[in-house]
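Numbering (UniProt numbering), first residue to last: 1 to 762.
We treat Cβ as the ideally placed atom computed from N, Cα and C, and that holds for glycine.
Quick caveat, the model's predicted, so the values are computed rather than measured.
Before any comments, here is the structure.
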Amino acid sequence: MSDEVVSVPFDESSEGHTPHNLSERKFSRPKLRRYDSLELESGKLHGHGHGSKDLSWGVILQLAFQSVGVVYGDIGTSPLYVYSSTFTSGIQHDDDILGVLSLIFYTLTLIPLIKYICIVLRANDNGEGGTFALYSLICRYAKVGLIPSQQAEDSDVSNFKLELPNRRLERASRLKSKLENSQFAKYFLLLATMLGTSMVIGDGVLTPCISVLSAVSGLKQKTSSITEGKIVWISVAILVCLFMVQRLGTDKVGYSFAPIICLWFAFIGGTGIYNFFKYDPAVIKALNPWYIIQYFKRNKKEAWVSLGGVVLATTGTEALFADIGHFTVPSVQISMCTLTYPALLCAYGGQASFLRKHKESVSNTFYDAIPGSFYWPMFVVAVLAAIIASQAMISGTFSIIQQSLSLGCFPRVKIVHTSAKYEGQVYIPEVNFLLMIACVAVTVGFRTTGKIGNAYGIAVVFVMTLTSSMLVLIMLMIWKTNILLVITYVLTIGLVELFYLSSVLYKFDQGGYLPLAFAAVLMTIMYVWNDVYRKKYYYELEHKISLDKFKEITIETNFSRLPGLAMFYSELVHGIPPIFKHYAENVPALHSILVFVSIKSLPISKVPTEERYMFRRLEPEGLNVFRCVARYGYTDVHSEHEPFENILVEKLKEFIKEDLWLSKTALKSGDSDDKEGSLKQADEAFQEEVEMQLEIVGKASRAGIVHLIGENEVVAAKGSSILRKIKIDIAYNFMKKNLRQCDKVFDIPRKRMLKVGMTYEL
1 MSDEVVSVPF DESSEGHTPH NLSERKFSRP KLRRYDSLEL ESGKLHGHGH
51 GSKDLSWGVI LQLAFQSVGV VYGDIGTSPL YVYSSTFTSG IQHDDDILGV
101 LSLIFYTLTL IPLIKYICIV LRANDNGEGG TFALYSLICR YAKVGLIPSQ
151 QAEDSDVSNF KLELPNRRLE RASRLKSKLE NSQFAKYFLL LATMLGTSMV
201 IGDGVLTPCI SVLSAVSGLK QKTSSITEGK IVWISVAILV CLFMVQRLGT
251 DKVGYSFAPI ICLWFAFIGG TGIYNFFKYD PAVIKALNPW YIIQYFKRNK
301 KEAWVSLGGV VLATTGTEAL FADIGHFTVP SVQISMCTLT YPALLCAYGG
351 QASFLRKHKE SVSNTFYDAI PGSFYWPMFV VAVLAAIIAS QAMISGTFSI
401 IQQSLSLGCF PRVKIVHTSA KYEGQVYIPE VNFLLMIACV AVTVGFRTTG
451 KIGNAYGIAV VFVMTLTSSM LVLIMLMIWK TNILLVITYV LTIGLVELFY
501 LSSVLYKFDQ GGYLPLAFAA VLMTIMYVWN DVYRKKYYYE LEHKISLDKF
551 KEITIETNFS RLPGLAMFYS ELVHGIPPIF KHYAENVPAL HSILVFVSIK
601 SLPISKVPTE ERYMFRRLEP EGLNVFRCVA RYGYTDVHSE HEPFENILVE
651 KLKEFIKEDL WLSKTALKSG DSDDKEGSLK QADEAFQEEV EMQLEIVGKA
701 SRAGIVHLIG ENEVVAAKGS SILRKIKIDI AYNFMKKNLR QCDKVFDIPR
751 KRMLKVGMTY EL
């Protein structure tokens with residue numbers, strides 16, 4: 001028997017019994033060749049397409065309606081505070097209103113519409129979006145991952161491949177080579193991804209604060225007894241309730257929220273059209289960008305500073321891309337172009353018309369511009385829209401933490417799947433509690449939307465800028481876009497975003513420090529965890545037990561055999577983990593079946609279930625020892641409905657059937673002169689062998705499944721620097737001890753779990 005990986009598809013209809021037609025299958029000799037990559041350090045990547053969803057127009061329109069409630073709540077509530085955040089010192093000139101309206105119009109057109117709807121959505125990762133989607137695309141095309149866990153078979157996963165143009169350009173190959181050979185580039189990409197993730201989490205804190213506070217502030221207009229303090233505490237009460245219901249999940253989030261957000265867009269669009277015709281239709285002149293130039297000439301530095309308010313019109317734009325996994329590219333494009341974009345232009349145009357006649361109302365433009373009889377319905381819908389916008393960002397925060405956790409960039413936390421129907425909807429208790437505390441602290445501490453807006457602007461623009469940077473890499477290296485188009489993108493959208501970034505950073509001391517402080521804390525946590533995680537992996541890789549060494553250990557150790565099936569968990573993909581030698585020296589006993597299980601995260605969104613498990617049999621065969629690599633994408637979930645052990649046992653049986661059949665076929669193809677009688681005898685012997693092997697597995701699993709967890713303690717090596725000791729001995733070990741362990745992630749029964757301890761000096 002060869003020590004090689006079997007990568008042959010298995011007929012699901014044969015699960016649970018030996019198929020009688022196995023011997024009738026015919027494979028060409030190339031397909032019988034099996035490649036062993038469990039000892040390899042890298043693999044090659046092929047090309048394949050984005051995960052487009054082939055759906056009917058009826059389904060696409062249905063998804064477009066649902067996307068309104070999930071994707072556009074944040075950008076839809078921006079009219080609550082954009083003008084008040086822009087004109088913080090009042091309106092000095094009539095045409096300043098036209099200049100700002102022109103800025104809003106071209107910013108909405110350039111960034112959400114052209115950049116995200118027309119360009120960025122194309123960079124989806126098999127239907128998934130967000131910072132990690134861009135990072136995963138780059139990691140799959142160029143070997144820039146910092147953990148050497150690539151395997152040749154990974155490129156055979158259907159979702160792994162990239163769609164590459166036939167014409168390969170030399171500059172793309174040069175860029176790929178530079179990235180692969182530069183350690184600085186690898187760290188920079190990882191840190192940029194972490195920074196983008198941290199800023200999105202910061203959005204999850206700031207969106208509920210500014211949206212709810214802006215909506216509730218409408219009470220001041222109609223109720224004189226409502227003070228600023230009462231507004232703050234009412235907002236806090238709403239926020240606490242919002243976070244408390246997160247554990248219930250949002251199973252029907254699209255259908256529940258979409259009608260309210262659609263009503264919201266109808267209200268703000270209709271009010272905008274009413275104000276446009278009632279007060280000053282001449283604001284249509286703002287379509288002329290000349291008013292932007294005049295605005296900067298008149299106000300100079302003040303105009304540049306005010307860009308921090310204008311950019312708030314694009315808040316939530318990243319959600320267009322991050323939430324694409326729940327919908328499709330066409331559905332999001334349709335809802336943006338037919339409803340969101342027109343409604344927002346009408347809303348901002350109507351508010352500008354109102355301000356031309358009522359400059360003194362700039363601090364509370366939204367509510368002052370509402371017709372009297374329409375005030376309370378608009379207030380109620382505004383509060384509901386703010387809650388929905390907050391809900392969408394909180395859910396997005398949970399999702400992005402799940403993605404970062406799966407790639408080893410975040411400490412283990414409990415992931416609760418709140419919907420059996422919508423698998424992307426998750427809830428993280430620890431993170432939910434911390435988000436609630438942060439939101440309450442920001443609302444009570446800042447009290448006004450102006451200061452929160454300064455913080456919010458930095459988070460928004462940072463994520464946009466990082467997205468553009470990664471997108472340019474994808475354009476050059478993967479899409480192989482014409483260099484003139486790339487330069488055009490950088491000189492238009494790229495420069496505009498950098499201009500906005502410089503403006504929001506100017507308000508660093510006026511609240512802008514908040515998202516950067518959040519990002520610093522989160523990046524420190526993520527970097528410490530990821531850095532030690534990588535060092536631990538390299539330690540295991542350097543001290544792994546080779547196949548020859550494993551044979552030597554099994555021969556030299558007089559193992560007693562115990563009834564049952566043991567699963568030995570490890571993060572090491574290549575070779576046997578060094579902790580096994582420690583186990584063998586102290587417990588010289590093996591179960592009837594032993595499976596070394598490695599959990600591996602691939603830089604793709606999903607791994608199809610039928611392609612998830614790779615098995616191999618280790619020699620000597622009589623020991624019944626196997627290796628299994630379970631591969632997951634960064635949005636895959638570990639099934640809570642069927643225990644992991646049950647799935648693995650069934651997949652092991654499938655592997656044994658295919659492995660034996662391949663061995664038999666290889667022997668037959670080597671001796672084509674066998675007579676019919678001998679072939680029949682060989683088939684019968686094969687069937688008996690299959691049944692015997694399956695019975696061994698079945699008997700072992702019935703006797704009991706034991707889970708062996710490698711509990712590795714890590715300490716800084718002797719002579720390490722103080723910083724290294726703080727990072728490993730204090731920071732990492734504190735997080736490890738106070739967060740979830742492997743057994744909780746896989747819901748392993750404690751009564752059947754045995755932890756094997758070993759200390760690594762890093």
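Check	Outcome
Anticipated Cβ contact below 8 Å, residue 765 with Leu762, distance rounded	The shown model of the chain, from 1 to 762, leaves out residue 765, and the question about it has no answer.
Simplified DSSP assignment, three categories, for Asp659	helix
Helix, strand or coil at Ala566 [DSSP, three-state]	strand
Residue interval of the alpha helix (DSSP H) (run including Tyr732)	It is not in any alpha helix (DSSP H) - Tyr732 carries neither H nor E in the DSSP assignment.
Burial state of Ser78 (16 or more Cβ within 10 Å)	buried
DSSP beta-bridge partners of Asn712	Met758
Residue closest to Val120, alpha-carbon to alpha-carbon, out of Tyr527, Ser469 and Tyr295	Ser469
Straight-line Cα distance separating Phe265 from Lys755	56 Å
Sub-8 Å separation of Pro588 and Asn624 beta-carbons	no
Limits of the unbroken beta strand (DSSP E) element including Val597	Ala589 to Ser601
Validate contact between the stretch 320-339 and the stretch 401-419 using beta carbons, cut 8 Å, 3 pairs	no
For Asp743, three-class secondary structure by DSSP	Low confidence applies to Asp743: its pLDDT is 48, below 50, so where it sits in the model is not reliable, and the reading given next is rough at best. It is helical.
Minimum length 4: unbroken alpha helix (DSSP H) runs contained in the stretch 237-281	253-278
For His707, the residue or residues it bridges with in DSSP	Met567 and Met753
Three-state secondary structure (DSSP) of Ala319	helix
Candidates Glu610, Val595 and Tyr632: closest to Arg617 by CA position	Val595
Backbone CA spacing between Gly704 and Pro563 [nearest angstrom]	8 Å
Alpha-carbon spacing of Pro289 relative to Leu98, whole angstroms	10 Å
Residues near Phe379 in its chain [Cβ-Cβ closer than 7 Å; skip 5 each side]	Gly218
Beta carbon of Phe462 nearer than 8 Å to that of Gly511	no
Straight-line gap, Cys241 to Gly269 (C-alpha atoms, nearest Å)	29 Å
Residue closest to Ala215, alpha-carbon to alpha-carbon, out of Gly308, Thr86, Lys480 and Trp376	Trp376
Run of the beta strand (DSSP E) containing Phe615, from where it starts to where it stops	Tyr613 to Leu618
Cβ neighbour criterion (16 or more within 10 Å) applied to Asn275	buried
Backbone CA spacing between Leu134 and Lys480 [nearest angstrom]	15 Å
Contact between the stretch 307-320 and the stretch 439-458 (3+ Cβ pairs under 8 Å)	yes
Residue environment, Gly130, which counts as buried when at least 16 other CB atoms sit within 10 Å	buried
Collapsed DSSP secondary structure at Asp96 in the structure displayed	helix
Sequence-distant residues of its chain with Cβ nearer than 7 Å to Ala438 (five each side left out)	Val205
Given Pro620 as reference, the closest of Asp323, Lys549, His326 and Leu498 once Cα atoms are compared	Lys549
Proximity of Phe296 and Val381 at Cβ, strictly below 8 Å	no
The stretch 683-693 contacting the stretch 535-553, beta-carbon criterion three pairs below 8 Å	no
Whole-angstrom distance between Gly372 and Tyr279, CA atom to CA atom	15 Å
Rounded separation between Ser605 and Asp636 - CA only	7 Å
Residue from Val431, Val413 and Ser361 whose Cα sits closest to the Cα of Ile394	Val431
Residue closest to Val68, alpha-carbon to alpha-carbon, out of Ile210, Ser84, Val472 and Ile261	Ile261
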